[in-house]
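Here the structure comes first, spelled out in structure tokens, and everything after it is commentary.
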Amino acid sequence: MQTYHSQNLNDTKAIGETLFKQLELPACVYLLGGMGVGKTSLCQAIIQAAGYAEAVTSPTYNLIQEYTVDSCTIYHMDLYRLQDPAEIEYLGLDDLWHSKSLFLIEWPNNGEGFLRKADFTISISQEGGNGQTSAASDSRLITFENSKKIA
Ligand SMILES: Nc1ncnc2c1ncn2[C@@H]1O[C@H](COP(=O)(O)OP(=O)(O)OP(=O)(O)O)[C@@H](O)[C@H]1O
Ligand SMILES: [Mg+2]
183 MQTYHSQNLN DTKAIGETLF KQLELPACVY LLGGMGVGKT SLCQAIIQAA GYAEAVTSPT
243 YNLIQEYTVD SCTIYHMDLY RLQDPAEIEY LGLDDLWHSK SLFLIEWPNN GEGFLRKADF
303 TISISQEGGN GQTSAASDSR LITFENSKKI A
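Under my numbering, residues 183 to 333 are what the sequence shown spells out, in order.
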């Protein structure tokens, strides 16, 4: 497992670039962490690192957003609003899985039983900061785990 410390959004963007380079495609990535901790921001960084130059939005309202670049097709999902995991069946995710697919899935627990297993898991949490700052610090602990490498 790798550990990164982000002090601000710019750090998170740089970490996203570093993480993108380590993804071996096809890859299914789960993003774990509480509300507003920075999952979408990190996804945006990964999508931009892949070479997508236009604006990257949050897929909260349509569950899935697709981005095609030369090297891969990224499917960014946010399952926060999913009431029932079976609702994602209509997305036909198996048909979207090919050699150049990159799945980035926020709130994967909401789709339990209907998602492929994670190849990589990214967890984000708030960090205390340096003790001088308030509780609502911008510091984040980001961990990156390659599930294929876990014995
Ligand atoms: N170090 C940091 N890394 C990432 N985002 C940060 C950081 N510090 C502050 N932020 C801010 O935190 C917010 C993170 O929002 P974001 O939508 O990425 O979170 P999220 O985890 O996807 O939320 P949700 O649970 O609603 O999907 C942004 O407003 C961002 O600017
Ligand atoms: Mg989000």
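All C-beta atoms in this analysis are idealised placements derived from N, C-alpha and C, irrespective of residue type, glycine included.
Distance from the CA atom of residue 324 to the CA atom of residue 184, rounded to whole angstroms, is 8 Å.
Boundaries of the alpha helix (DSSP H) harbouring residue 199: 191-204, taken from the DSSP string. The three-state reading of DSSP puts residue 281 in coil, since its state is none of H, G, I, E or B.
No residue range can be given for residue 265, since it is assigned to no beta strand (DSSP E) and is classified by DSSP as neither H nor E. Per DSSP, reduced to three states, the secondary structure at residue 273 is helical. Scanning its chain for C-beta atoms nearer than 8 Å, with the 5 sequence neighbours on each side dropped, one finds around residue 299 the residues 210 and 329, in chain order. For residue 195, the distance from the CB to the nearest heavy atom of ligand 2 is not below 7 Å.
Per the C-alpha coordinates, the member of 267, 283 and 287 positioned closest to residue 251 is 283.
If you draw a 10 Å sphere on the C-beta of residue 233, you find fewer than 16 other C-beta atoms in it, and that means exposed.
Relative to ligand 2, the nearest heavy atom lies less than 7 Å away from the CB of residue 222. Residue 254 carries a coil assignment under DSSP once its states are collapsed to helix, strand and coil. Contact between residue 304 and residue 213 holds: their C-beta atoms lie close to 5 Å from each other, under 8 Å.
Taken from the Cβ of residue 288, at least one heavy atom of ligand 2 lies inside 7 Å.
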